[in-house]
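Everything below concerns the one structure shown next.
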Amino acid sequence: MIHDMKKLILKNILYFFLILLSLEVFVRVFHLSKDTPTRFLDNNKVEKWAPNQNGFSVTGNRRQNFSEYHINKSGFNSYRDFTPTKDKKEVALVGDSFIEGFHQNYYNSIGKKIENVLPEIEVYEYGYAGYDFADQLHLIHAYKNQFDLIDHVILGIKFSNDLTRPEYKVITERLALESPLNKLLKKSKLLVYCKSIGILDPPQKLVYKLTNLLKQKREVNPISNAEIQRIRQKKEKIYLENFESLIMKYGYDKKRYTLLLDASTTSQIFLEYLEANDYRYIDFSKQFEASKRSTTLIYDRHWNNHGRELIADVITNHLNQIDELASPLE
2 MIHDMKKLIL
12 KNILYFFLIL
22 LSLEVFVRVF
32 HLSKDTPTRF
42 LDNNKVEKWA
52 PNQNGFSVTG
62 NRRQNFSEYH
72 INKSGFNSYR
82 DFTPTKDKKE
92 VALVGDSFIE
102 GFHQNYYNSI
112 GKKIENVLPE
122 IEVYEYGYAG
132 YDFADQLHLI
142 HAYKNQFDLI
152 DHVILGIKFS
162 NDLTRPEYKV
172 ITERLALESP
182 LNKLLKKSKL
192 LVYCKSIGIL
202 DPPQKLVYKL
212 TNLLKQKREV
222 NPISNAEIQR
232 IRQKKEKIYL
242 ENFESLIMKY
252 GYDKKRYTLL
262 LDASTTSQIF
272 LEYLEANDYR
282 YIDFSKQFEA
292 SKRSTTLIYD
302 RHWNNHGREL
312 IADVITNHLN
322 QIDELASPLE
């Protein structure tokens, strides 16, 4: 009896191992799991991707989005290396995952779309998932010698979450993803796939719900509309102060820099501040609202190919109107 039980347990362990092995092979053969590039903190305390990496970004449990990325020598996703000179005309796009563009093949990026219309200009895409305005200005300051050679810089900004801090500090939580344990776990494509499609989310959500439940029990009175309005105004004031603090610390060349934003989701106070203080910005909200086709992916809010074409169009139109870049575009 005991011998049979041991035999059954060993068989179950063996079958379980074979099933996991088969699933691992299946995920690898059909490339269901994404290749996550290695993060890197350089000598200037700039967080980016380790240079010279290639792979595929996969989203969704049925490869809803499958695209190739290429991390260049500078540590950013781009089909070209960044080699600015005084003789050429260059434009830098600086921002978060929307500029990084892992949701589209690197050779069909926003920068490439702009270059297709304006071949006289080289577009450098300094995009990295999670970059806020502090990251962006710190990047430009750290690579001052390189950015001083670039004719125009466009910085993507979302007022709601890109101005939460008044100065740059390294975000250790992101770099912790490169710990030896995480690197070891990422070698299993099956585990990466399970995490990406949410199989591992329930335990995390349970802890989150329990934490919120405890917080709700402590909260006696609901927040009034007046209080919500007061909190919103206070937050807007802090974000505006953070913007000013970052500009003061790292500098901002109003002649060469332009902000890229969606005015429909941006605080009116911030927009009025930008206009009153002669900060140029590109608003793409009207183009998105007028579009009869979807501008975002079906499973998140990142721009799809059509949305990226619209972004490239508004940036191209802006570049055509800039005096500093007028001569090569005539």
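Going by the working numbering, the sequence shown runs without a break in its numbering and finishes at 331.
Using N, Cα and C, we set each Cβ at its ideal position, and we do this for glycine too.
Quick caveat: nothing in here was measured; it's all calculated off a predicted structure.
Exercise for review: Whole angstroms is fine: what's the gap from E69's alpha carbon to K46's?
Suggested key: Taking the first residue of the sequence shown as position 1, residue 69 is located at position 68. Taking the first residue of the sequence shown as position 1, residue 46 is located at position 45. Those two C-alpha atoms are separated by around 27 Å.
Practice item. Return the chain-ordered list of same chain residues with a C-beta closer than 6 Å to the C-beta of T60, the five sequence neighbours on each side being excluded. Key: Reading the sequence shown from its first residue, position 59 is the one you call residue 60. Closer than 6 Å at the Cβ level, and outside the excluded window around T60, lie N66.
Check your understanding: Going by other Cβ atoms of all chains shown within 10 Å of its Cβ, with 16 needed for buried, is G308 buried or exposed?
Key -> Translated into positions along the sequence shown, residue 308 becomes position 307. G308 comes out buried.
Review point. Taking buried to mean at least 16 other C-beta atoms within 10 Å of its own C-beta, is V154 buried or exposed?
Key: Within the sequence shown, residue 154 is the residue found at index 153, counting from 1. V154 is buried by the Cβ-count criterion.
Exercise for review: Would you kindly work out how many angstroms separate the C-alpha atoms of A93 and E228, rounded to a whole number?
Suggested key: Locating residue 93 in the sequence shown gives position 92, where the first residue counts as 1. Locating residue 228 in the sequence shown gives position 227, where the first residue counts as 1. Their backbone Cα atoms lie some 41 Å apart in a straight line.
Review point. Tell me which same chain residues have a C-beta within less than 8 Å of the C-beta of E276, skipping the five on either side of it?
Key: The sequence position of residue 276 within the sequence shown is 275, counting from 1. None.
Check your understanding: By a C-beta neighbour count over all protein chains shown, 10 Å radius and 16 as the cutoff for buried, is K74 buried or exposed?
Key -> Residue mapping note: residue 74 aligns to position 73 of the sequence shown, counting from 1. The residue is exposed, with fewer than 16 neighbouring Cβ atoms inside 10 Å.
Review point. So I151 packs on Y125, CB below 8 Å; how close in whole Å?
Key: Reading the sequence shown from its first residue, position 150 is the one you call residue 151. Reading the sequence shown from its first residue, position 124 is the one you call residue 125. So it is a contact: roughly 7 Å between Cβ atoms.
Point to revise | Per-residue DSSP class, three states only, for I97 | key: As a working note, residue 97 is residue 96 in the sequence shown. The displayed chain sequence assigns Asp, not Ile, to residue 97. Coil.
Check your understanding: Can you check whether the CB of L262 is closer than 7 Å to the CB of Y282?
Key -> Locating residue 282 in the sequence shown gives position 281, where the first residue counts as 1. Locating residue 262 in the sequence shown gives position 261, where the first residue counts as 1. Their beta carbons are under 7 Å apart, which means Y282 touches L262 by this criterion.
Review point. Are there 16 or more other CB atoms within 10 angstroms of the CB of D254, so buried, or fewer, so exposed?
Key: Counting from 1 along the sequence shown, the entry for residue 254 is found at position 253. Its Cβ having fewer than 16 others within 10 Å, D254 is exposed.
Practice item. Answer with buried or exposed for Q105, where buried requires no fewer than 16 other C-beta atoms within 10 angstroms of its C-beta. Key: Counted from its first residue, the sequence shown places residue 105 at position 104. Result: buried.
Point to revise | Residue of E310, I10, K293 and S161 minimising C-alpha distance to Y240 | key: Indexing the sequence shown from 1 puts residue 240 at position 239. Nearest option by C-alpha distance: S161.
Point to revise | Proximity of G157 and G96 at Cβ, strictly below 7 Å | key: Taking the first residue of the sequence shown as 1, we reach residue 157 at position 156. Taking the first residue of the sequence shown as 1, we reach residue 96 at position 95. The answer is yes: Cβ separation under 7 Å.
Review point. Would you call the CB atoms of A135 and Y169 closer than 7 Å?
Key: Looking up residue 135 in the sequence shown gives position 134. Looking up residue 169 in the sequence shown gives position 168. Yes.
Check your understanding: Would G76 pass as a contact of K49 if the rule is Cβ separation under 7 Å?
Key -> Residue 76 sits at position 75 when you count from the first residue of the sequence shown. Residue 49 sits at position 48 when you count from the first residue of the sequence shown. Yes, these two residues count as a Cβ contact at 7 Å.
Check your understanding: Less than 7 Å separating the beta-carbons of F103 and S58?
Key -> For the purposes of this step, residue 103 is identified with residue 102 of the sequence shown, where counting begins at 1. For the purposes of this step, residue 58 is identified with residue 57 of the sequence shown, where counting begins at 1. Going by C-beta atoms, F103 is nearer than 7 Å to S58.
Check your understanding: How about L262: is its Cβ closer than 6 Å to a heavy atom in the ligand MG?
Key -> Although the ligand MG was asked about, the structure shown includes no ligands whatsoever.
Check your understanding: Relative to the C-alpha of N109, which residue among N306, R231 and L272 is closest?
Key -> Along the sequence shown, one-based indexing puts residue 109 at 108. Measuring from the Cα of N109, the nearest candidate turns out to be N306.
Review point. Can you list, in chain order, the residues of its chain whose CB lies under 8 Å from that of I323, leaving out five sequence neighbours each side?
Key: Looking up residue 323 in the sequence shown gives position 322. Only H153 meet the Cβ criterion.
Exercise for review: Assuming K90 contacts E116 (C-beta within less than 8 Å), just tell me the rounded distance between them.
Suggested key: Residue mapping note: residue 90 aligns to position 89 of the sequence shown, counting from 1. Residue mapping note: residue 116 aligns to position 115 of the sequence shown, counting from 1. Contact doesn't hold; Cβ gap of about 11 Å is too wide.
Check your understanding: What's the gap between the Cα of F244 and the Cα of K293?
Key -> In the sequence shown, residue 244 corresponds to position 243, counting from 1. In the sequence shown, residue 293 corresponds to position 292, counting from 1. Approximately 34 Å between the Cα atoms of the pair.
Review point. When the distance is taken between beta carbons, is S265 closer than 7 Å to S286?
Key: For the purposes of this step, residue 286 is identified with residue 285 of the sequence shown, where counting begins at 1. For the purposes of this step, residue 265 is identified with residue 264 of the sequence shown, where counting begins at 1. Their beta carbons are under 7 Å apart, which means S286 touches S265 by this criterion.
Practice item. Determine the contact status of E101 and Y80, defining contact as a CB-CB distance below 7 Å. Key: Numbered from its first residue, the sequence shown carries residue 101 at position 100. Numbered from its first residue, the sequence shown carries residue 80 at position 79. Result no, Cβ atoms of E101 and Y80 do not sit closer than 7 Å.
Exercise for review: Give the single residue among F148, H319 and D314 whose Cα lies nearest to the Cα of T84.
Suggested key: Translated into positions along the sequence shown, residue 84 becomes position 83. Residue F148 is the option with its Cα nearest to T84.
Check your understanding: Grouping DSSP H, G and I as helix and E and B as strand, with all else coil, what is Y108?
Key -> Looking up residue 108 in the sequence shown gives position 107. Three-state DSSP puts Y108 in a helix.
Review point. What whole-angstrom Cβ distance do Y247 and L138 have, given they're in contact under 8 Å?
Key: Translated into the one-based positions of the sequence shown, residue 247 becomes position 246. Translated into the one-based positions of the sequence shown, residue 138 becomes position 137. Residue 247 is actually Leu in this sequence, not Tyr. About 5 Å; that satisfies the 8 Å criterion.
Check your understanding: Quick one: what's got a C-beta closer than 7 Å to V315's C-beta in the same chain, skipping five residues either side?
Key -> For the purposes of this step, residue 315 is taken as residue 314 along the sequence shown, with counting starting at 1. Cβ neighbours of V315 beyond the five flanking positions: I283, F285 and Q288.
**Study point:** Rounded C-alpha distance that separates T317 from P223
**Key:** Within the sequence shown, the letter at position 316 stands for residue 317. Within the sequence shown, the letter at position 222 stands for residue 223. Those two C-alpha atoms are separated by around 48 Å.
Exercise for review: Tell me, please, which residues DSSP counts as bridged to R40.
Suggested key: Looking up residue 40 in the sequence shown gives position 39. Per DSSP, W50.
Point to revise | T259 - partner residues in DSSP beta bridges | key: For the purposes of this step, residue 259 is taken as the residue at position 258 of the sequence shown. Per DSSP, I155.
**Study point:** Nearest candidate by alpha-carbon position, reference A313, set P52, A51 and V118
**Key:** Translated into the one-based positions of the sequence shown, residue 313 becomes position 312. A313 has its Cα closest to that of V118, out of P52, A51 and V118.
Exercise for review: Determine the contact status of E242 and I270, defining contact as a CB-CB distance below 7 Å.
Suggested key: Position 241 of the sequence shown, counting from 1, holds the residue named residue 242. Position 269 of the sequence shown, counting from 1, holds the residue named residue 270. Not a contact, by the Cβ cut-off of 7 Å.
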